[in-house]
Each structure stands twice: as C-alpha cells, then as structure tokens.
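Take 1 as the starting number for the sequence shown in the working numbering and just add one per residue.
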Amino acid sequence: MAGNERLLTCLALSLCAVSVAVAGCSVKTAESAERSMAQELAATGWVEEPVIEGMESQTRDIRPVACQDLFQLLNQANGADARSFGFRNSATGSYLLVIDQPDVPDPGNLSSHLKNAAEACPRLTMGYDSTSLEYDVTVADTRSGRTEIRLNGVEQVGGQQGEQVVDMIVSGVKTDSGGRLIRVMSSDTGIGPTEEKAAEIAAVHP
C-alpha cells in the first residue's frame, strides 16, 4: 500500500485525475473556501495530508505529438503561484490533489482547453527511464462550463501491455477568477463512487 500511495502522489504532482472551481478573490476567501471543501471531503473519509515537494516523475518521452497540449495543461499546473492541497481516502487509499490558481494559460477557459486537448489525444504514452505508461483518454462529461475526462493508465513492459497502474478523473470547471485543478486517482480498486463523489465535492464546494 505504501508503494502505491507514493506512486499516486508522484503521478498527481507530475501528470496524471482534474476539476476547476472558483478560487477566492482574496486570501481570506480562498482559505475559507478550502476549509469548506475539506470539511465536505472529511465527511466522506478523505484526510488532508501535506503535498510532498520534489516527487515529480521525470518523463523523457510524450507520444504522439498531438498529446503535447494535454500533457502541458496537466503537467505545468502546479506552478509558483498555485496553491496545492492533498487528500487521501482512508478506506480506498485513493489520492486527490487540488490546485488553486493553476499555472496554465487562460485558466478561465481551462474547461474548453481540456476538452479540446483530450479529444485530440485518445491515447497518451508517457516514457520514463525504466518504463512506459499508456493512457486511454476519454471525455466523460461536458456540461455548461465544465469538462470531465478519464485516464486509464497501463504499464508497458517490453512492448507488451501490462497491468493497470492508475485510473483517474480529470475535470475542469470554468471560473470567473483563477481556477482549481483537481486530480482524483486510484491504483488499487479503480475509480468508483468514492472517487467520483470527491471530484464532485471539489467542483461544487470551492
């Protein structure tokens, strides 16, 4: 379990489950909004934990070229001006990363950018020093100002498809100011009602 938890945290900080919700107009408002979200998550078994710095996985190859936009949208979100919060579910071990004010171009339109990037990249391959992960990417939900995509990652071993490594929700919600990026991911049981509810809480409780 410890290894899987570290993997999920790594994936959360590098690429890999996204929702955008309204960020506050001031520090006080943003902190109040974060507490509200944290309280809702705590009621469903999510425990806040420190976001560990310096755990980003180093990718050496992104394929195909059409997937570069999607990778850049997700990989660069945790920039200098972003505020990050991590949560882990006490029952499933799933990990939730919330990034306020994500460091992406035009964050107010992240929803439409995410939709376009995902539609252009139905299968994303990320190469690391020791392995490769292949993600099936699907647009799961589009509402007014909101997009949700799913990524299912499988390890590639010697050119052959291996076991599922991670299942993720990535969703983007249009905001008036700033934004919130949410990544929900599971390596053991896959995405289920617990993870789906967490993504919804993060989207509707800024």
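Even glycine gets a Cβ: it sits at the ideal position worked out from N, Cα and C.
For residue i, which residues from the same chain have a beta carbon less than 6 Å from its beta carbon, with the 5 sequence-adjacent residues on both sides left out?
i, result
"T92", "T189, T194"
"C67", "C121, L124"
"H205", "S36, M37, E40"
"G127", "R60, D61"
"D69", "A117"
So, helix, strand or coil for residue i, using DSSP?
i, result
"G45", "coil"
"Q164", "strand"
"S171", "strand"
"I191", "coil"
"S130", "coil"
"E39", "The residue asked about is misnamed: residue 39 is Gln in this sequence, not Glu. Note: Q39 maps to helix in three-state DSSP."
"D141", "strand"
"V104", "coil"
"D69", "helix"
Cα separation between residue i and residue j?
i, j, result
"I201", "I62", "31 Å"
"S132", "C121", "17 Å"
"P107", "V157", "36 Å"
"A118", "A198", "22 Å"
"D141", "R60", "31 Å"
"Y135", "F71", "11 Å"
"E196", "D129", "32 Å"
For residue i, I'd like the list of residues in its chain whose CB is within less than 7 Å of its CB, leaving aside the five on either flank, ordered along the chain.
i, result
"E155", "T131, L133, G162, E163, V165"
"R138", "Just to set this straight, residue 138 is Thr in the shown sequence, not Arg. So the list reads I149, R150, once near-sequence residues are dropped."
Determine the contact status of residue i and residue j, defining contact as a CB-CB distance below 8 Å.
i, j, result
"S215", "I149", "A query on residue 215 cannot be resolved here, the shown segment of the chain reaching from 1 to 206 and no further."
"W46", "R88", "yes"
"K174", "G145", "yes"
"L110", "V104", "yes"
"V98", "F85", "yes"
"S94", "M185", "yes"
"R180", "M168", "no"
Excluding sequence positions up to five away, which residues of its chain have a Cβ less than 8 Å from the Cβ of residue i?
i, result
"D81", "Q101, D103"
Taking DSSP's pairing of strands, which residues face residue i in a bridge?
i, result
"R63", "T125"
Let me check you understand the geometry: is the CB of residue i closer than 7 Å to at least one non-hydrogen atom of the ligand HEM?
i, result
"V184", "Questions concerning the ligand HEM fall outside what the structure shown contains, since it holds no ligand whatsoever."
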